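Let me begin by presenting the structure, written as structure tokens, before commenting on it.
Protein chains in written order, with my numbering: chain S, 1 to 298; chain X, 299 to 596; chain V, 597 to 894; chain P, 895 to 1192; chain B, 1193 to 1490; chain G, 1491 to 1788.
Printed below as a string of structure tokens:
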């Protein structure tokens, strides 16, 4: 089944927005299973109807949206998979399509950002996550789901002073783990700074900083609290609420969005399928902030 | 087991409040299973004790409460079931009993409202739900769980300017789906209008509008966020919190409550039984707003 | 596996902080299973890393922490188990170790408080719970998980005007159940008083009252809302949020903490293991408020 | 996703074998949910590879197999759904396609058999089930999942002395419930007659009786023991083993198979998805007994 | 709900057969939860109809069967509970009723056997179990679920040469654990002696030995293989099949049955409820071997 | 926790038998998660007691058994992990220890067999599995969980005419998939050849062929039927029974066992933990066939 039963398309077809499954999870440190997420998210998306009642967004009235299926990643080899992702993203971006990736673990953002860089130059990033994912390495390896943003900085893929990391928290290997990010120019908004409040003001501020710079949204589902998104591999308590997640995504409306991902949904740990359902909704909300989307007057 | 192990009674016995199971779920569009809800809600209600510690309500000290069992609905035919519900409700209302229904899907509210109309005239309604349930039809059928409030308006069962729909949200078939409701005079409070705030002021306002008009409370469990009420058939993210649910029900104290329902609990999708437990508590809170209930001074 | 894979130690070894499993659940009135909690909490604790990113706490840099294993309680006899707990706690306290207990049901707090009294005199208590646990008896028995704080008062184990019960709620056997507590001098903060707000001000107030009096923290996981902590034996809706739980524990920083417990996690009802994961995090946060812990400058 | 990722086709296309989803479950007496089975069975079928290692069957080498999707049944009305099933089956049969239905509850076999009759005359039936499904009515209704074979006899759809009911058992409303079947000429093989033995001899006997008469295979998953097929609505202990199920289906090789169904899989009660996986395999085995299938020499 | 929705009766009423819930599980060594079994078994029993299709038994046509509810055991004290069980059983037996107990853990069989002895003298026992339950003590305690048959021998409650233990297996504390039983005169039939064969001949032999001696049937659900009865506290692989369980119970027809129990169902570990469903069926089969039951000619 | 709470030892310590965890699952084609199996199998092994009641084996009376923990495999790289496995196994074998591996996926058997070859020469193998695991490659990769026995033959690690593959079945990519194995001299016993019978005679035959040749036992849990071992990544219906599994392992008594593994347990798909419990028992039974084990006379 395609996402929301929309049409299928081939990689490289000139659609405005493309759903792309990337079932890679061998860069996971803790619980694997994110390879099953594209299937489950598509399955739960069947409950979605076309119009966004809260915002008035009409994503299917004003642009072409298609599901290009899953990338044929190599289940046994991270670097070969990176090449497959990059070459497919190259075709997608060249065709003018804005890709919305269904991960997979967070390691997939590195080859995506590489391609973004080659087409758009260094991008702004809005990164929702419990973790900075900026470790130097994990168990000696440089390509893992805990290291992509470190690599992205080293490879100069990011417009560092337009990078926002929202929801970081939990326990760390060093008490200054987040300082490396700050030192690159990232704005780090820790989860506890978000507690008990609306994130609408934060997003207003972010939009002011980013302006019309090409912007990538990378949403790790573990940015949310485990009580609302249990189906993930590295849960950390005290995370964002669903309302805050919606405020963040809806708050991106007006930005020059060039790509989005929703990663780290781990279906084997999502017994009730609530996390996949939530993810399907969040991807729908991401579609609604595509620059071409028109809105119903409310 | 009866609800909270209270006494059994026959339909038509002159008790003040009656628990009524209505295990009908064949009007469900998506996931069936609500027929199993009366049993599960009763089962989880065994944890409840008689006094409401937060509000001081003493529902069993000042009135007679009984469980009249499940209505013998026809599992294969919606319209026949409607007749069974109406004729039983007629007996219940005539005896002076305020019924508290354990659904079943939301389609059951139509025959209930028909009977309410015949006894009380058009009623005020406080309707908590993710959906307006006011579609013209679903797949060509007029009697489904997505259409009862459209039918209720057509059949003039409602005092339309005293109808409040709280928690509506999600994706819709048309961007103006909620406008039909507003055009009938309903007050629609969308979920995103409730985010990050107490609903106590809203209820104060509602009580002011309704005054002492006979009032029916229809509570679809999917009005709540799926993270707190996963066991339902058509979940929509971004819903009300448990605290808001309690604020709404407790905020009805003082109204002229003539009936209540709690619908759309779907036990097969409620692995942890948390939704049934929540529903049992909400039904208990509904009992506490029965006009005859006395309160302990706090 | 030990908690967070820390070192093992023997009861009575002179470590600064000791994790103690107390797998007793035969004093449970409703759903048993808490005997399995120490194992599951330790299992989920493997995800934790040493530093507290939000507060800067460095619990392992400045003190010795060890896991002393499970106490060899008698699975068939409550009173014999109480003696085993008391005699082991005596050794622990005498060695200067601050014990962090993994329950077990809440009945274990009575022999713990007895030993605390013998070493420190009557203690201040911060008690997070849905229930006051101050019944006179349950089904005629005086030693159960619903009675320890009644016994503790009778045995003069508590500095009653420095006892705080946070999160009480639900239905009760009598409308004045909480008044007994208030009459002893306890400060009762009901759950509905906490809704929709930060508990940081409350903790500031509590710290002012307690000063440097020896303080015990007893955390019943059912103090939290069932939507965030479903794996417990006596869930009550409308409870504290995870954020509030963290505010309470972190708000204890600066107090003279002499012991902590985390009780009533019931793994058979925690299908997703989310409650055990949450409990492991809360115990970690408790370690961080040990008086010897140093903090990273933020 | 299509069954086994095979090609899609339209109803009425001239393929040799067609997978047909029939998501009807409103004729269920006990636990609904079979409407979700076609989706889940297709999902689990992705594990299947083309060749049958045990029998050597090569179903895709010698005939065209396609998935024609789900029939657009009316979710709210049994009789309207029957008409939809019949008219679609008419097109399927006329095109020369052998349909393999994914139910849905067992009520769907009645409109299927009606169409079979109109094309082939009265058919032989191999019916695996815990129940005879030959009640006169259920709760006063004549079209339910407990009555189709009674209706089929009344409507003269069956070659009664070539009907075999295998696996019947459990508790009944009358001690002579199975006698009605025997009186029609059916051969009833109760489950306890199958215990502890191979069914290969039985199938040899059945093939002898049926000869080359057009034969329909109707497989209710509850024919199997609940320990191997828990995900069904009316489980009865003491049922057939998986090995016996395979012996029955493989034993049909050589018969003039004109259609098959696999019904009563109920995914909400199939937590581990084992029943859906089993069903997918059984449907594959049914494909392998299509008269056109060639076999690898073993 | 009563078992199979039969009538309720008071303890001591002169019915022929009585269902008795005994929700005691504090004598459990490993996983508690059997206290929840009576409720769950009754709940699953709603699927049962009155007649036994395989054997022709008509238990409700020829005798009075009632559900006397749960005994008010003391949840905190084993010995007090024993007294409660004994005194209630005394009333039951004196009234001429044959009790069918829904455990609870296996420790309940000791007070039952004590009462049986007082009324009938030492009884014959058919004991299905993975364990001999004849330990001298467990962790120093003499009244536990691993010791009742040792106590029963010591207290001379058994006609030892008419005691049959079927299904024993697994790992033991001593390699000669079963020899103590054999030395008392018990016939021990280990599980591996039952593999791959019908138990009909064994039961024929047992009936020959017992003759018309008063006989008690004690069925620990863990006698069955964990793959068919996962919901139990001390599972051991390689156990009896469901078919063998039915052969054993049905093979008791003709014996002078004075009481039966079905123990050690542990619902928290029975996610799919398959074990409770199985237990409900086995209790029904036990009812069918009550000496007063008439059979339909087959 | 160690396996069965036995002592810990270091790799290379001179114990007779060593439990070795190998949490590698990145060579899995379908569902990952086997990395979590060593932990879960150890956890469930706590139920095991020292003596084998059915066979009389006394594994801990006559030899030293220890748990050497988990090998520090590289979670992101198969070939690096192979080197880690080989070098650790080299130390284990040189010390005279017989290793019992807890997988992990089946790819781990290749580096194990390489080390076995270097110490013992080509080994005999008893391989229980649903799949031959002898593919030339999977998705172009040569080191995966579907290819180890092809590699083992190419690298001349096996005494091919003393290799037995038991339980093969299911669907295949080619109808002659198993012929490659037969052409190497392997004896392939397909699952359907095992149906409805004891495997004791087969094992007698196997022992005759192998004699005293060094023998390795590789047990893929998916050799068993999914109804008894649902927690695995590539389930195939119609597999071996638990009884047959026990017959195979017990039938190896008397062989010159030099190593064993139990692989492909996948805990995220083992909701009830029944598969891990089964695996723990099977590993215990493997310990019992270590050549040094003494037996109690039965």
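Even for Gly, the Cβ is constructed at its ideal location relative to N, Cα and C.
Note that this is a predicted model, so its numbers are computed, not measured.
Quick check on the burial criterion: 16 or more other C-beta atoms within 10 angstroms. Buried or exposed for residue 374 of chain X? buried
What is the rounded straight-line gap between the Cα of residue 91 of chain S and the Cα of residue 287 of chain S? 20 angstroms
What does a CB cutoff of less than 7 angstroms around residue 177 of chain S pick up in its chain, not counting 5 residues either side in sequence? Answer for residue 177 of chain S: 132, listed in chain order.
List the residues of chain S that residue 726 of chain V touches, going by C-beta distances under 8 angstroms, in chain order. Those within 8 angstroms of residue 726 of chain V in chain S number zero; the least Cβ separation is about 17 angstroms.
Closest Cα partner of residue 659 of chain V within the set V/668, V/694, V/676, V/637: V/694
Are the segment 615-625 of chain V and the segment 570-587 of chain X in contact at 8 angstroms, needing three or more beta carbon pairs? Taking one beta carbon from each stretch, the segment 615-625 of chain V and the segment 570-587 of chain X have fewer than 3 pairs nearer than 8 angstroms; the two do not touch.
Kindly indicate if chain P contains any beta-carbon less than 8 angstroms away from that of residue 442 of chain X. yes
Tell me which same chain residues have a C-beta within less than 7 angstroms of the C-beta of residue 1734 of chain G, skipping the five on either side of it? 1684, 1689
Nearest neighbour of residue 558 of chain X, chosen from X/481, X/587, X/545, X/352 [CA to CA]: X/587
Does the Cβ of residue 1103 of chain P have 16 or more other Cβ atoms within 10 Å, making it buried, or fewer, making it exposed? exposed
Could you pull the start and end residues of the beta strand (DSSP E) that residue 378 of chain X belongs to? That residue, residue 378 of chain X, is in no beta strand (DSSP E); its alpha helix (DSSP H) goes 376-392.
So which residues on chain D does residue 1071 of chain P lean against when the C-beta distance must stay under 8 angstroms? The structure shown contains no chain D; its protein chains are S, X, V, P, B and G.
Assigned secondary structure, residue 178 of chain S (DSSP; H/G/I helix, E/B strand, else coil): helix
Starting from residue 813 of chain V, trace the beta strand (DSSP E) in both directions and tell me its first and last residue. Where residue 813 of chain V is concerned, the enclosing beta strand (DSSP E) stretches over 810-816.
Step through the CB atoms of chain P and report whether any lies within less than 8 angstroms of the CB of residue 1491 of chain B. Nothing about residue 1491 of chain B can be reported from this structure: the residues present for chain B run from 1193 to 1490 only.
Would you kindly work out how many angstroms separate the C-alpha atoms of residue 825 of chain V and residue 1389 of chain B, rounded to a whole number? If you draw a straight line from the Cα of residue 825 of chain V to the Cα of residue 1389 of chain B, it is about 47 angstroms long.
Go through its chain and collect everything with a Cβ distance to residue 1186 of chain P's Cβ below 7 angstroms, but skip five positions before and after it. 910, 956, 957
Once DSSP output is grouped into helix, strand and coil, what is the label at residue 1434 of chain B? helix
So with Cβ pairs under 8 angstroms, would you call residue 191 of chain S a contact of chain X? no
Return no unless some Cβ of chain X is closer than 8 angstroms to the Cβ of residue 258 of chain S. no
Determine the chain X residues that contact residue 729 of chain V at a beta-carbon separation under 7 angstroms, and present them in chain order. Correct list: empty, because the minimum Cβ distance to chain X is about 14 angstroms.
With DSSP run on the structure shown, which of helix, strand or coil describes residue 551 of chain X? coil
Where the segment 1434-1461 of chain B meets chain P: residues whose CB sits under 7 angstroms from a CB there: Sequence-ordered contacts of the segment 1434-1461 of chain B with chain P read 1434, 1435, 1438 [C-beta pairs closer than 7 angstroms].
How many angstroms separate the CA atom of residue 973 of chain P from the CA atom of residue 959 of chain P? Their backbone Cα atoms lie some 30 angstroms apart in a straight line.
Roughly how many whole angstroms lie between the Cα atoms of residue 1470 of chain B and residue 1060 of chain P? Spanning the two alpha carbons is a distance of roughly 21 angstroms.
Establish whether the CB of residue 483 of chain X and some CB of chain P are separated by less than 8 angstroms. no
What in chain X is Cβ-close to residue 628 of chain V, meaning under 7 angstroms? Near residue 628 of chain V there are no residues of chain X at all, since even the closest Cβ is about 14 angstroms away, more than 7 angstroms.
For the segment 1496-1510 of chain G against the segment 1736-1743 of chain G, are there 3 or more C-beta pairs whose distance is under 8 angstroms? no
Let me check understanding here. Comparing Cα to Cα, which of S/161, S/119, S/207 lies closest to residue 93 of chain S? S/119
Using C-beta distances below 6 angstroms, list every residue in its chain close to residue 766 of chain V, excluding the 5 sequence neighbours before and after it, in chain order. 726, 832
Taking the DSSP output, what are the residues bridged to residue 648 of chain V? S/171
Could you tell me which residues DSSP puts in a beta bridge with residue 1628 of chain G? Checking the DSSP bridge columns, you'll see residue 1628 of chain G partnered with G/1631.
Which of the three DSSP states, helix, strand or coil, is assigned to residue 1099 of chain P? helix
Which residues share a DSSP beta bridge with residue 461 of chain X? X/423
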